[in-house]
Every structure is written in C-alpha cells, then in structure tokens.
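Chains as they are written, first to last, in this note's numbering: chain H, 7 to 219; chain P, 2 to 351.
Here it is, written out as structure tokens:
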C-alpha cells in the first residue's frame with residue numbers, strides 16, 4: 007500500500023501515533039507535502055465525514071480521526087509553510103454568548119479542518135463583537151456559530167446585527183448550527199447557511215468559499 | 002378544586018392511560034419556582050435545616066398549586082464526585098484522563114459523599130409532601146453522564162481509542178458506585194417516591210453519542226441492576242434520555258426493562274411518534290418541545306398542545322409536559338401557558 011494511502015487508512019482508524027510516524031516517513035522519502043495533506047490527511051478525514059453523515063460512524067470516531075489528523079498536520083505544517091500552501095479558506099468559529107457547550111462546535115471545526123480550512127477557534131460564550139473582530143483580524147471567509155440552548159440561539163442574530171452595524175454583512179459567509187437551530191430560524195436572522203450536521207457544514211462551507219472566489 | 006393523586010402518574014409509568022392526564026416535568030429550576038412564588042428558593046435551599054424545610058414547603062406547594070400529581074425531585078451524583086463538572090462545562094479540566102487518575106479516584110467514598118450532602122433534602126421532602134402526592138425522580142445522573150462528568154465527552158472518546166480497558170472500567174466502576182447509592186437510597190428514601198428515575202442523555206440531534214454497540218455493551222448493562230432494584234420495591238422506573246436513541250430503545254425496553262421513557266425534541270421526532278412507536282410497551286412522558294414553550298404565542302401553543310394530546314391518546318399511559326425541563330431561561334409566561342392549557346383541557350377550572 008502506498009504510504010499516502012496508509013496515512014489515510016490509519017487516520018480513519020484514529021491511530022494518531024501511526025499517522026505521525028507515516029507522515030514523518032513520507033516526508034523523509036521525499037513525498038510531496040501537498041499530496042500528503044490532500045490525498046493522505048484530508049482525504050482520510052473526508053471519508054470519515056462522509057461516513058458520519060451516513061450514520062456509518064459515530065462522534066467518537068470523528069473525534070479520534072481528527073486527533074490523528076492534527077498529529078499529522080503538526081509534523082506537516084512547517085513544510086507546508088515553506089512551500090506556501092494556501093488553505094481552502096479561513097473560518098472563525100465559536101459557541102455564542104451565554105452558551106458553554108462545545109462538542110458540536112468542535113466537530114464542525116474538525117470537519118472544516120478536514121476539508122482544508124484554516125480554523126480560528128473562539129471557544130464558548132463568545133461575545134458578538136468578538137466574532138466580528140476576529141474575522142476582521144484574520145481575514146476570514148466564514149463566521150460559524152453554534153448554540154445548544156433555545157435562549158442562546160437568538161445571540162446568533164446579534165452577530166448578524168453587529169456585522170450590519172459595521173457595514174460588513176456581505177463580506178462574510180455566515181453559517182449556524184446546533185440542536186435547537188432550524189432552517190427557518192436561519193432565514194429569520196438572515197444568515198447564509200444552516201446545516202444540520204458537521205459533515206454537511208464542511209461540504210457547504212467549502213463550496214460556498216469556492217463559489218465566492 | 003384540584004386534588005392531587007399520585008396514582009395517575011404511577012398508572013402512566015405502568016402504561017395505563019390515566020383518567021386525568023397528569024402534568025410532568027423532569028425538573029423545574031428552583032429559580033423559576035422562586036420567581037413564580039416570589040421566594041428566594043436558592044437562599045432557602047442553601048440555608049439551615051429550617052430554611053430547607055421552608056424550601057420544600059414552597060417547592061411542594063408549587064407543584065400542588067399548578068396541578069401536578071407528583072413532586073419532581075432528584076439530587077445528582079455528579080455534584081458529589083470530586084473534581085467533576087466536565088459534563089456541563091467544557092472549561093473544566095477532566096479529573097480522570099488516564100489509568101493512574103482512575104486508580105487514585107475515591108470511588109468507595111462517593112456513596113457517603115452523596116448521602117452526607119443530600120440526606121437532609123430527602124428528609125425534608127418527606128416531611129413536606131402534601132396529601133395525595135408522592136415524589137418522582139430520586140438519584141439523578143445515569144452511568145454515561147457520571148463517566149463524562151469526570152472524563153469529559155471528548156476525553157472519554159480519547160480514552161476509548163487509547164486504553165480500551167480503562168474505557169470499560171470507567172463504566173463498570175460508575176455502574177457499581179451508582180448501584181450502591183441506589184441501594185441505600187431505596188432503603189432510606191424509597192418510600193417518598195412513587196416512580197424512580199435517572200437521566201442519562203445518550204443521544205443528540207441525529208444519532209447516539211457513543212456507538213450503539215458501546216452503549217449496548219458498556220452502558221445499558223449497568224442500568225439493569227438499578228432498574229431491577231427499583232422493581233424489587235414494586236415501583237416503576239422512568240428513564241429520561243435526550244436525543245435520537247431509537248437504535249437502543251429495543252434494548253432499553255426488552256433487556257433493561259424500563260417502564261417509561263421521557264424526553265423528546267420535535268427536530269428528532271415529535272412526541273406522538275414516540276407514543277406511536279413504543280406506546281404499546283412503555284409509558285411515554287413528555288410532549289411539548291421546549292423551544293415551542295419558549296417562543297410560541299398562547300394560541301399557537303394551545304393548538305400545538307391539543308394536537309399532541311389528541312394524537313397521543315389511545316396508546317397507553319402518557320403524562321404531559323415539556324420534552325425536557327424548565328430551566329431558568331424558559332419564559333415564565335410560556336411555561337404557565339402550557340400548564341393552563343393542559344389544565345383547561347382536563348377540566349380543572351370547571
């Protein structure tokens with residue numbers, strides 16, 4: 007089995023140590039860092055994402071695959087920087103003000119990373135201004151918001167209002183998700199996309215950024 | 002005039018449709034009850050023995066005044082587990098991350114911690130229980146929640162990948178610990194309760210939190226001794242579990258032997274779907290999606306509730322309330338509207 011394919015296989019099994027060792031070996035053997043990234047790490051993560059969407063794997067499988075991906079990325083990133091590899095896009099992600107839940111947000115982050123996004127994690131209980139400040143600071147393409155509670159969900163609308171107040175609404179692709187969030191609510195507050203799960207989020211985010219570019 | 006009768010809820014849990022549709026909540030926050038009754042409930046709850054008696058006087062009176070047949074009350078295990086908190090707050094560093102943490106953990110002390118902290122509350126609840134009412138609830142937190150409270154969900158997933166034995170041992174140890182607490186609880190306080198319950202959220206919007214296989218092999222087997230214990234006292238067991246858990250429902254009914262199940266969210270499946278699927282075998286508790294209670298107008302809520310009730314009749318026992326609970330953030334108006342609509346429907350005000 008080609009080493010890059012092996013990286014993908016071990017990543018899907020969540021075997022972080024093997025992924026780290028194989029990425030190191032692949033670099034030593036002169037494999038193209040972009041191929042290791044796209045055909046090894048990201049390909050493995052995309053397969054897991056697809057399986058997750060089809061209910062063939064569960065949240066723990068995604069989390070451990072993502073940990074394996076991050077382990078491999080840590081080895082690969084210095085080489086990617088050297089050759090000037092550009093991410094698919096940049097996303098600023100957080101759980102909205104008043105909400106301390108992070109499992110859904112973390113899954114989305116991992117899936118986005120898995121399709122090649124550069125991620126800026128704002129954590130939980132994030133003020134509306136912070137979403138916008140960070141997006142401006144890093145030159146983000148996407149602002150992603152998560153909420154688990156019915157009553158913190160409206161704070162997603164505050165971020166949209168903050169963007170409007172600063173004349174920045176059209177500059178960003180705004181995406182939302184979380185247990186109580188619906189398509190109807192997304193339309194009401196005027197965001198670009200609601201997605202029901204992390205894998206769909208990554209798929210739509212990538213497409214949306216590519217369409218804009 | 003409304004006269005509470007806890008047997009209505011017992012019938013529902015036994016899957017017999019009650020003569021008067023009972024109201025039910027998994028929890029109503031102390032802050033919300035305090036707001037409605039004009040009392041600082043948290044101060045009383047955290048006060049001395051006399052304050053705690055007063056807390057339960059007001060607490061029980063609330064449920065009676067608002068048309069409930071039972072007083073919902075539980076004390077959670079998670080709160081007495083040293084270093085816990087990772088279940089509800091992702092900023093908490095998990096106290097168990099590896100085998101050494103697990104071996105050092107004071108598992109044997111937890112039952113004592115539980116009763117040292119909580120016995121005074123159960124005693125006061127017994128003293129203040131109104132005529133015709135009993136409690137529903139008991140020892141809060143199921144096996145999966147207690148494990149996550151010391152490992153965090155993400156930490157647990159990493160343990161599953163890195164140390165399979167520790168992963169299994171966590172569920173085993175929590176199962177044994179929780180059973181010890183339940184054994185003593187039933188001996189000392191079982192008489193206060195007509196239906197026993199714990200909550201263990203096994204799912205989320207689109208699936209189960211762990212794989213179905215892991216839930217069936219590692220979590221559910223530790224439910225069974227607790228459910229059997231409750232049954233040995235000739236009382237029914239109600240499971241509260243959020244999320245899309247259809248894939249383990251058969252095992253919960255057939256293998257574990259739950260008598261009734263609570264929790265529903267419309268985005269997963271409206272309450273009548275649960276009733277339709279399982280109403281011939283277990284009692285169903287729940288009904289209104291919390292989001293509707295938070296945001297719908299009174300008229301919208303009325304149409305929504307009456308529709309659920311109409312669709313849920315004729316399928317065995319069911320008790321009505323929200324599909325989850327009434328935390329402080331639920332608008333009081335929406336909550337009281339829901340209660341009033343159900344009470345109007347059942348003719349309490351005629």
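Here a beta-carbon is modelled for each residue, glycine too, at the ideal position from N, C-alpha and C.
Residue 87 of chain P - DSSP class collapsed to helix/strand/coil: coil
Residue range of the unbroken alpha helix (DSSP H) whose run includes residue 24 of chain H: 22-34
Straight-line Cα distance separating residue 187 of chain H from residue 220 of chain H: In the structure as shown, chain H begins at 7 and stops at 219. Residue 220 of chain H is therefore absent and cannot be evaluated.
Residue 102 of chain H beta carbon less than 8 angstroms from that of residue 161 of chain H: yes
Where residue 156 of chain P falls: helix, strand or coil (DSSP): helix
Per-residue burial, residue 104 of chain P [other beta carbons within 10 Å of its own, 16 or more giving buried]: exposed
Any chain P beta carbon closer than 8 angstroms to residue 64 of chain H: yes
Minimum Cβ-Cβ distance from residue 46 of chain H to chain P less than 8 angstroms: no
Counterpart residues of residue 200 of chain H in DSSP-defined beta bridges: H:182
C-beta neighbour in chain P for residue 157 of chain H, strict 8 angstroms: yes
Exposure of residue 43 of chain P, with buried meaning 16 or more beta-carbon neighbours within 10 Å: exposed
CB contact check: residue 162 of chain P to chain H, cutoff 8 angstroms: yes
Residue-chain proximity (residue 203 of chain H, chain P), Cβ-Cβ < 8 angstroms: yes
Residue 296 of chain P, enclosing alpha helix (DSSP H) - first and last residue: 291-296
Short CB-CB distance (under 8 angstroms) between residue 210 of chain P and chain H: yes
According to DSSP, residues forming a beta bridge with residue 24 of chain P: P:69 and P:321
Closer than 8 angstroms at the beta carbon, the chain H residues around residue 145 of chain P: Ordered by position in chain H, no residue passes the 8 angstroms Cβ test against residue 145 of chain P, which lies about 12 angstroms from the chain.
Endpoints, alpha helix (DSSP H) assigned at residue 111 of chain H: 109-120
Residue from H:174, H:17 and H:111 whose Cα sits closest to the Cα of residue 135 of chain H: H:174
Partners in chain H for residue 291 of chain P, counting only beta-carbon separations shorter than 7 angstroms: 156
Nearest residue (CA-CA) to residue 145 of chain H, options H:52, H:194 and H:98: H:98
Which of helix, strand or coil DSSP assigns to residue 142 of chain P: coil
Residues within the segment 12-23 of chain H neighbouring chain P, beta-carbon criterion of under 7 angstroms: 20
Among H:166, H:105 and H:73, the one whose alpha carbon lies nearest that of residue 120 of chain H: H:73
Contacts that residue 158 of chain P makes with chain H (C-beta to C-beta distance below 8 angstroms): 65, 66, 69 and 70
Nearest to residue 2 of chain P (by Cα), restricted to the options P:153, P:223, P:67 and P:152: P:67
Residue 302 of chain P, DSSP secondary structure in three states: helix
Contact check, residue 144 of chain P vs residue 27 of chain P, beta carbons under 8 angstroms: no
Contact check, residue 89 of chain H vs residue 42 of chain H, beta carbons under 8 angstroms: no
Residue 194 of chain H versus residue 163 of chain H: straight-line alpha-carbon distance, rounded: 9 angstroms
Among P:203, P:299, P:24 and P:50, nearest to residue 243 of chain P - alpha-carbon criterion: P:203
Under 9 angstroms from the C-beta of residue 154 of chain P: neighbouring residues of chain H: 65, 66, 69 and 109
Continuous alpha helix (DSSP H) stretch holding residue 98 of chain H: start and end: No alpha helix (DSSP H) contains residue 98 of chain H, which is instead part of the beta strand (DSSP E) from 95-101.
Neighbourhood of residue 290 of chain P by C-beta distance below 6 angstroms, restricted to the same chain and skipping five residues each side: 266, 267 and 324
Environment of residue 158 of chain H [buried if 16+ CB atoms lie within 10 Å]: buried
Residue-chain proximity (residue 207 of chain P, chain H), Cβ-Cβ < 8 angstroms: yes
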